[in-house]
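Visitor: One structure, as structure tokens, below. Some questions next.
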Amino acid sequence: MSSTVTTATGTRGRSARRVAVASFIGTAIEWYDFYLYGTAAALVFNKLFFPSFSPLAGTLLALSTYTAGFVARPLGGIVMGHFGDRIGRKSMLVLSLLLMGIATALIGLLPTYAVAGIWAPLLLVVLRMVQGFGVGGEWGGAVLMAVEHAPKRSRGFFGAWPQVGVPAGLLLANGVFMTLTNALGEDAFLQWGWRIPFLLSAVLVLVGLFIRLQVEESPAFTEVADSGEVDRRPLVTLLRTQWRAVLLAAGVKLAQNSIFYIFTVFVLTYATTVLGLSQSVALTGVLISSGLSLVSLLFFGWLSDRYGRKRVYLAGAVVSLLFSFPFFWMLDTRSAAVIWLAMVIGMIGHDMMYGPQAAYFSELFDARVRYSGASLGYQLSSLIAGGFSPVIAVALLGVAGNHHWPVAAYMIVVGVISIVALALGPETHRGDRREPRETSGSVDGT
93 MSSTVTTATG TRGRSARRVA VASFIGTAIE WYDFYLYGTA AALVFNKLFF
143 PSFSPLAGTL LALSTYTAGF VARPLGGIVM GHFGDRIGRK SMLVLSLLLM
193 GIATALIGLL PTYAVAGIWA PLLLVVLRMV QGFGVGGEWG GAVLMAVEHA
243 PKRSRGFFGA WPQVGVPAGL LLANGVFMTL TNALGEDAFL QWGWRIPFLL
293 SAVLVLVGLF IRLQVEESPA FTEVADSGEV DRRPLVTLLR TQWRAVLLAA
343 GVKLAQNSIF YIFTVFVLTY ATTVLGLSQS VALTGVLISS GLSLVSLLFF
393 GWLSDRYGRK RVYLAGAVVS LLFSFPFFWM LDTRSAAVIW LAMVIGMIGH
443 DMMYGPQAAY FSELFDARVR YSGASLGYQL SSLIAGGFSP VIAVALLGVA
493 GNHHWPVAAY MIVVGVISIV ALALGPETHR GDRREPRETS GSVDGT
């Protein structure tokens, strides 16, 4: 009997590792596509698609098109969450990767404003929304595949693997941008070199598709399907029975998402427009902090398996809140080394929240509606916080005469909201919500 259990445990462990790596690679490719746009919006799209505006106004408009992707993310989460709960996680992951790859490659073929006039930014917005729809369904499927394949006591660690795909995609996007800028020079890069990173996506998507097609369906969904308990209207059931968990997830995510885009997108604008530094200074800081996240996210996911999701997450929210003003004080020194240190410290606080997040959100919801629940909570917050954070920050910067204090205050406000949401939420790392019949422990008491 014991040898059978040991064999089953070993098999499950191997399967969990294989799925975790596949989730990481696929997620890294999708977020490469998504963050590539964010980097381009902060550095070049204002000049290519909004050339008749001032640098700050052009950047604000470019970041507004960046926000369009976040508007589409909840819709992608709802649609793919619905079908992910009805027909399986794997098929939705394949679809999301295709949508992201096609849209990103087409951005690389777009005419600029000088060639197509108003049609250029309009087409840019449409393709950005397709990107947003795709990534809206990506996160929920990727983390559920990793968490639902994982051993019960290691969900935090294995759930952090697709989270690592986010900084990996960011690292790759900014690394490609920085390499091409240095190799071609800023003039050549602005004329035609910016297209290369977008066209590269077509090759990466083929790699991601090959890997994802090799992965087995989630055991939790398979169990639901085999028992005949697949919900035909998962979103309706979710909003009827676990709406509090959706709101809780959105509130918990608010600080992590807002602060992340301040540290990785807005900082590019602040460093170049306000501080007058070269693009490479801020991009190097993003690369260094993203490289650190490849390790720290896994560590904090593992830590949440030992000490609880809420404890680790709460510590990250507090660190991020307290660091809001010091972050800008360090940027204003204009010292590259101090700026890089500030970005590293900021990302550590972020990673303390993002590392346990996949497991925490997965454990909040019953398996029959888990894809819909995790995706909707995550993407609602992404719309409110992630998409609008760089735009809000740039607008606040303009109102305050390029002074950073309103942006730091904004970071503190979202931090407080997430801390309150965490205080109201349950600890989940000792529970087991994988069983499809288990519904008594939901957040709203149903």
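Count along the sequence shown starting at 1, add 92, and that's the number in this note's numbering.
Note that CB positions come from ideal geometry on N, CA and C, so glycine has one too.
Quick check: what's the CA-CA separation for R332 versus D443?
Guide: Approximately 32 Å between the Cα atoms of the pair.
Visitor: Report the residue ranges of all beta strand (DSSP E) runs contained in full by the stretch 283 to 311; include only those spanning at least 3 residues, in chain order.
Guide: none
Visitor: Excluding the 5 residues preceding and the 5 following Y124 in the sequence, name in chain order all residues of the same chain whose CB lies nearer than 6 Å to its CB.
Guide: G261, L264 and A265
Visitor: Please tell me whether L187 and G226 are closer than 9 Å, where the distance is taken between their beta carbons.
Guide: Here L187 is near G226, since their CB atoms are less than 9 Å apart.
Visitor: The alpha helix (DSSP H) that contains D443, what's its start and end?
Guide: A428 to E455
Visitor: Using CA coordinates, which residue listed in Y470, A492 and S372 is at the minimum distance from I170?
Guide: When only C-alpha atoms are compared, the closest one is Y470.
Visitor: When DSSP labels each residue in this structure, what does N349 get in the three-state scheme?
Guide: helix
Visitor: On the CB-based measure, 16 or more other CB atoms within 10 Å of its CB, does R324 come out buried or exposed?
Guide: exposed
Visitor: Just to confirm, are M435 and V378 a CB contact at a threshold of 9 Å?
Guide: yes
Visitor: Which of the three DSSP states, helix, strand or coil, is assigned to N138?
Guide: helix
Visitor: Leaving out five residues before and five after M221 in sequence, what residues of the same chain have Cβ atoms less than 8 Å from its Cβ?
Guide: A160, G161, V163 and A164
Visitor: Identify whether L201 lies in helix, strand or coil by the three-state DSSP scheme.
Guide: Correct three-state label for L201: coil.
Visitor: Tell me which residue opens and which closes the alpha helix (DSSP H) that Y463 is part of.
Guide: R462 to S473
Visitor: Report yes if the C-beta distance between F249 and H241 is below 9 Å; otherwise report no.
Guide: no
Visitor: Out of E455, I509, V357 and R462, state which residue places its alpha-carbon closest to the alpha-carbon of M439.
Guide: Residue V357 is the option with its Cα nearest to M439.
Visitor: Determine whether the beta carbon atoms of G229 and S473 lie at a separation below 9 Å.
Guide: In this structure, S473 does not lie closer than 9 Å to G229 by Cβ.
Visitor: Could you check the C-alpha separation between Y353 and S481 for me, to the nearest Å?
Guide: 7 Å
Visitor: Got a sec, what are the start and stop residues for the alpha helix (DSSP H) G261 sits in?
Guide: Unbroken alpha helix (DSSP H) run through G261: R247 to L276.
Visitor: Comparing alpha-carbon positions, which option in V207, V359 and L291 lies nearest I199?
Guide: L291
Visitor: Name the residue from M503, V328 and V373 whose alpha carbon lies nearest to the alpha carbon of R462.
Guide: It is V328.
Visitor: In chain order, what residues of the same chain have a beta carbon less than 6 Å from the beta carbon of S372, not counting five sequence neighbours either side?
Guide: none
Visitor: Are there 16 or more other CB atoms within 10 angstroms of the CB of P203, so buried, or fewer, so exposed?
Guide: Flag for P203 reads exposed.
Visitor: State the start and end residues of the unbroken alpha helix (DSSP H) segment that holds H241.
Guide: Note, H241: alpha helix (DSSP H), W211 to H241.
Visitor: I need the straight-line Cα distance from D397 to R522, nearest angstrom please.
Guide: 9 Å
Visitor: So for S534, helix, strand or coil by DSSP?
Guide: Residue confidence is low: S534 scores 42 on pLDDT, short of 50, so the model does not pin down where it sits. Its coordinate-derived value is still stated next. Of the three classes helix, strand and coil, the one that applies to S534 here is coil, per DSSP.
Visitor: Ordered along the chain, which non-local residues of its own chain (more than five positions away) have a Cβ less than 6 Å from that of L413?
Guide: Contacts found: I504 and G507.
Visitor: Could you spell out the range, first to last residue, of the alpha helix (DSSP H) harbouring D424?
Guide: Here D424 belongs to no alpha helix (DSSP H), and DSSP marks it neither H nor E.
Visitor: Should I210 go down as buried or exposed, given a rule of 16 or more other Cβ atoms within 10 Å for buried?
Guide: exposed
Visitor: Mind checking whether R460 and V307 have CB atoms under 9 Å apart?
Guide: no
Visitor: Excluding the 5 residues flanking P213 on each side, which residues of the same chain have their C-beta closer than 6 Å to its C-beta?
Guide: F141
Visitor: State the Cα-Cα distance for the pair L167 and S427, rounded to the nearest angstrom.
Guide: Taking the straight line joining both Cα atoms gives about 42 Å.
Visitor: If distances are taken between C-alpha atoms only, which option among G408, I380 and F391 comes closest to I431?
Guide: I380
Visitor: Under 9 Å, do A341 and A238 count as touching if we go by C-beta distance?
Guide: It is not a contact, given that the beta carbons lie outside the stated cut-off.
Visitor: Determine the closest residue to V338 out of L190, N494, G517 and W421, with distance taken between C-alpha atoms.
Guide: Taking each of L190, N494, G517 and W421 in turn and checking the Cα distance to V338, the smallest one comes out for G517.
Visitor: Less than 9 Å separating the beta-carbons of M192 and S293?
Guide: Yes. Within cutoff.
Visitor: Between L433 and the rest of its own chain, which residues show a CB-CB distance below 7 Å, the 5 nearest in sequence each way excluded?
Guide: Counting only residues of its own chain and dropping the five nearest sequence neighbours on each side, L433 has a CB closer than 7 Å to the CB of M422.
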